[in-house]
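Residue numbers (the working numbering): 2 to 114.
Cβ coordinates follow ideal geometry from the N, Cα and C atoms, glycine included.
Written out below as structure tokens is the structure these notes cover.
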């Protein structure tokens with residue numbers, strides 16, 4: 002079966018009072034427990050909104066979207082650390098979704114006329 006590359010997107014609305022702790026946890030604990038530990042998680046990129054909410058976005062590049070059905074990922078997701086569970090509980094909003102790649106253009110998408 003052909004691989005179906007994609008991304009997993011996580012969006013968080015983190016209270017200002019938790020931002021420092023959230024960023025430390027995400028960079029030092031959460032991303033390393035996915036990328037490099039769970040087969041098929043290739044990379045992670047994090048972003049902060051210039052304005053509006055949710056205020057944080059993380060995009061994980063997946064070798065294949067089936068990685069989220071992998072028992073290693075499922076165990077990793079269900080058995081988060083104490084800090085992971087606390088951060089999820091403290092987030093005002095938490096969205097997580099998986100997207101399959103439907104197009105790739107090496108030179109970027111054409112601009113509308």
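Check the C-beta distance from residue 27 over to residue 54 and give it rounded, since I have them as a contact under 8 Å.
-> Incorrect: roughly 17 Å between the Cβ atoms, too far for contact.
Kindly indicate which three-state DSSP category residue 5 falls into: helix, strand or coil?
-> It is coil, neither helix nor strand.
Three-state secondary structure (DSSP) at residue 36?
-> It is coil, neither helix nor strand.
Using the rule of at least 16 other Cβ atoms within 10 Å of the residue's Cβ for burial, across every protein chain shown, is residue 31 buried or exposed?
-> Residue 31 comes out buried.
Please confirm whether residue 36 and residue 98 have their CB atoms less than 8 Å apart.
-> No.
Under the DSSP definition of a beta bridge, which residues are partnered with residue 12?
-> DSSP, once it has assigned bridges, lists 58, 96 as partnering residue 12.
On the three-state DSSP scale, how would you describe residue 45?
-> Correct three-state label for residue 45: strand.
Using DSSP with H/G/I as helix, E/B as strand and the rest coil, what is residue 19?
-> Of the three classes helix, strand and coil, the one that applies to residue 19 here is helix, per DSSP.
Are the CB atoms of residue 91 and residue 14 nearer to each other than 8 Å?
-> With respect to residue 14, residue 91 sits apart: the two C-beta atoms are not nearer than 8 Å.
Enclosing alpha helix (DSSP H) for residue 102 [first to last residue] | Bounds of any alpha helix (DSSP H) do not take in residue 102, whose DSSP letter is neither H nor E.
Distance between beta carbons of residue 42 and residue 8, contact taken as under 8 Å | About 10 Å; that fails the 8 Å criterion.
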